[in-house]
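Q: There's a structure below that I have some questions on.
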Amino acid sequence: MARDIVIWPNKVLNTPTKPVTDFSEKLTSLLDEMLESMKEAEGIGIAANQIGVSLRCSWVGREDGTFFEIINPQILEKSGPVTLEEGCLSVPDQYEKTPRFHKVKVKYQDRVGEWHELEAEGRLAHVLQHEIDHLDGHVFVDHLSNLKRSLILEKMKKLQKMMSRRKEAKDAKKE
865 MARDIVIWPN KVLNTPTKPV TDFSEKLTSL LDEMLESMKE AEGIGIAANQ IGVSLRCSWV
925 GREDGTFFEI INPQILEKSG PVTLEEGCLS VPDQYEKTPR FHKVKVKYQD RVGEWHELEA
985 EGRLAHVLQH EIDHLDGHVF VDHLSNLKRS LILEKMKKLQ KMMSRRKEAK DAKKE
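Here it is in structure tokens:
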């Protein structure tokens, strides 16, 4: 079942996630919920903390439209500084040029705990860096100037208030 996407500046998005140590059915269920949430929101990646779960796991989208999970990822190497336009499910409808690297080498586990290494460049490297940033407690707006970040912050606070009022109205109808 899809879960609601957490909107920045929610504290869970700015707190480093905990390593996954339990590779049981609980993890499989979480990964399934994350995938549904990401697809429903039409994203190309999602981290567990974006649905309010502070665990170090994420889904990453490839250029061919397929996805794979990364658990306990670490960036081993990065090269070729590049600036790319970036958005985020937790910062809806906001896009800004963000400094990243063209090429990365990443070590991660899969859902059964096996370790893998991946060298990626271009869009895949970009998505990997974005999702690993989430797991480290960073949102892409953290890479922006104070002015841009504060303008986006005001928009997100308004969005959060509107969403809260909608939820209250919906809950009131249930009573």
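Sequential numbering from 865 applies to the sequence shown in the working numbering.
Think of the CB as a built atom: it goes at the ideal place given N, C-alpha and C, for glycine as much as any other residue.
Output needed for GLY977: all residues of its chain with C-beta closer than 7 Å, excluding positions within five of it in sequence on either side, in chain order.
A: PHE887
Q: Between which two residues does the alpha helix (DSSP H) carrying ARG1059 extend?
A: The chain is shown only over 865 to 1039; residue 1059 falls outside these bounds and no answer can be derived.
Q: Select from LEU982, MET1020 and PHE965 the residue whose C-alpha is nearest the C-alpha of ASP957.
A: MET1020
Q: Can you tell me whether GLN973 is buried or exposed? The criterion is at least 16 other CB atoms within 10 Å of its CB, across all chains shown.
A: buried
Q: Shortest alpha-carbon distance to ARG975 belongs to which of SER943, ILE934 and THR947?
A: ILE934
Q: Within its chain, find whatever has a CB closer than 7 Å to the CB of ILE996; leave out the 5 residues flanking it on each side and keep chain order.
A: PRO937 and ILE939
Q: Residues in the same chain with beta-carbon distance under 7 Å from HIS1007, minus the five sequence neighbours each way, listed in chain order, please.
A: THR962 and PRO963
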